[in-house]
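K.L.:
Below is a structure I'd like to ask you about.
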Amino acid sequence: MEGDFSQRMGLGYASDVMQLSDMNKDLRTGLLNAIIECYLEKYTSSFPNTGMIQHSNLESFAKIAYTRFFKLRRDQIPLIFRYFLETICELFEKGAWHRVYSFIEFIITHAPNLNSKHDELTSSEDFINECNTTLRAENSAYRIVGGRVMQITSAEEVSEINSAIAANGFAGVNTHIRTALTMLTDRENPDYRNSIKESISAVESLAKQLTGNPRATLTPALSELERSHSLHPALKNAFSSLYGWTSDAHGIRHALMDVSNLTYADARFMLITCSAFINFAIDSTKG
Numbered sequence: 001m002e003g004d005f006s007q008r009m010g011l012g013y014a015s016d017v018m019q020l021s022d023m024n025k026d027l028r029t030g031l032l033n034a035i036i037e038c039y040l041e042k043y044t045s046s047f048p049n050t051g052m053i054q055h056s057n058l059e060s061f062a063k064i065a066y067t068r069f070f071k072l073r074r075d076q077i078p079l080i081f082r083y084f085l086e087t088i089c090e091l092f093e094k095g096a097w098h099r100v101y102s103f104i105e106f107i108i109t110h111a112p113n114l115n116s117k118h119d120e121l122t123s124s125e126d127f128i129n130e131c132n133t134t135l136r137a138e139n140s141a142y143r144i145v146g147g148r149v150m151q152i153t154s155a156e157e158v159s160e161i162n163s164a165i166a167a168n169g170f171a172g173v174n175t176h177i178r179t180a181l182t183m184l185t186d187r188e189n190p191d192y193r194n195s196i197k198e199s200i201s202a203v204e205s206l207a208k209q210l211t212g213n214p215r216a217t218l219t220p221a222l223s224e225l226e227r228s229h230s231l232h233p234a235l236k237n238a239f240s241s242l243y244g245w246t247s248d249a250h251g252i253r254h255a256l257m258d259v260s261n262l263t264y265a266d267a268r269f270m271l272i273t274c275s276a277f278i279n280f281a282i283d284s285t286k287g
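Here it is, written out as structure tokens:
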């Protein structure tokens with residue numbers, strides 16, 4: 001597994017690696033590169049070698065960006081295109097994370113199509129694809145859908161994972177959830193199959209500890225919660241069904257090695273669901 005020391009050792013919390021209310025340098029740089037590749041590098045002028053914004057293919061967009069997004073007066077708009085590039089770079093390097101996403105939406109709405117009629121995609125489509133590639137690679141909690149930046153991971157979901165990682169007295173659970181998170185969010189080589197396995201193993205570890213039986217599966221743990229902690233039968237059945245799907249002969253556990261198309265969404269769902277159940281079960285024993 002690649003990554004830095006903390007990633008390899010599984011020492012990060014979900015809030016550190018799933019970029020929900022922040023944006024690290026790698027994510028900022030990747031998104032800026034998408035703008036440069038799809039738009040800024042394609043700057044041309046009717047007066048070559050002048051470097052002017054006026055009479056260029058990005059003149060209208062630059063003026064709209066300066067007046068509507070950066071809120072400058074028209075007489076404050078620079079004449080030289082290089083200054084426009086520097087303004088954008090400063091936003092992506094130092095601006096608030098939400099302002100960066102706002103500008104990405106602004107580009108999608110207002111930037112011109114600089115691709116030729118022979119290109120398969122428009123500039124906007126290329127830009128969205130490049131941005132989404134970066135957002136996935138850098139484990140951002142957002143994706144561009146329908147021209148808008150949409151949140152795909154909530155603060156509540158991140159909190160569930162963090163709580164499972166930090167649960168006192170459940171070292172096996174902590175280790176498996178950390179490992180599942182690390183495998184899910186590895187930037188160089190994400191391992192969705194084994195991330196799912198680790199999420200399931202965390203639940204099994206919890207079952208063993210709650211029942212005092214080193215060979216226990218989830219079913220006896222649920223029965224113990226039902227008997228001693230008033231677990232509702234409907235919840236018991238729901239968790240039993242999910243676990244059965246992952247563990248029987250047709251489920252994830254036995255079929256994983258034959259499945260090639262497990263996705264980030266699959267592994268994320270299992271990590272969040274297993275974390276939420278773990279927290280629920282631990283809290284129930286405290287009642």
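Residues 1 to 287 in UniProt numbering are what the sequence shown spells out, letter by letter. Heads up, the beta-carbon is just placed ideally off N, CA and C, and yes, glycines get one too.
For T122, which residues in the same chain have their Cβ closer than 7 Å to its Cβ, ignoring the five residues on either side in sequence?
P.N.:
N113, N115
K.L.:
Do the CB positions of K224 and K236 come within less than 8 Å of each other?
P.N.:
Residue identity check: residue 224 is Glu in the sequence provided, not Lys. The answer is no: Cβ separation not under 8 Å.
K.L.:
Select from A62, L79, H110 the residue whose C-alpha is nearest the C-alpha of I88.
P.N.:
A62
K.L.:
Does the stretch 169-181 touch the stretch 145-160, meaning 3 or more C-beta pairs lie closer than 8 Å?
P.N.:
no
K.L.:
Are P220 and A207 close, meaning C-beta to C-beta below 8 Å?
P.N.:
yes
K.L.:
Using the Cβ count rule (16 or more neighbours within 10 Å means buried), how would you classify N139?
P.N.:
buried
K.L.:
Does DSSP put M52 in a helix, in a strand, or in coil?
P.N.:
M52: strand per DSSP, three-state reduction.
K.L.:
Need the endpoints of the alpha helix (DSSP H) that I196 sits in, please.
P.N.:
Where I196 is concerned, the enclosing alpha helix (DSSP H) stretches over 192-211.
K.L.:
Taking its Cβ as the centre, do 16 or more other Cβ atoms sit within 10 Å of P190, making it buried, or is it exposed?
P.N.:
buried
K.L.:
Using alpha carbons as the reference points, say which of T44, T185, H229 lies closest to T285.
P.N.:
Residue nearest to T285 within the set T44, T185, H229 is H229 (criterion: CA-CA distance).
K.L.:
Quick one: Cα of L31 to Cα of L210, how far?
P.N.:
46 Å
K.L.:
State the DSSP-derived secondary structure class of S275, mapped to helix, strand or coil.
P.N.:
Residue state, collapsed to three classes: helix.
K.L.:
Helix, strand or coil: which one does DSSP assign to residue 328?
P.N.:
Summary: the structure shown does not reach residue 328, with the chain confined to residues 1 through 287, and so no result is reported for it.
K.L.:
Give the range of the alpha helix (DSSP H) segment to which R82 is assigned.
P.N.:
81-94
K.L.:
Which same chain residues end up closer than 7 Å to H250 when comparing Cβ atoms and leaving out the 5 residues on each side of it in sequence?
P.N.:
Interpretation of H250 is limited by its pLDDT of 46, a score under 50 that renders its predicted location unreliable; no figure is taken from the coordinates.
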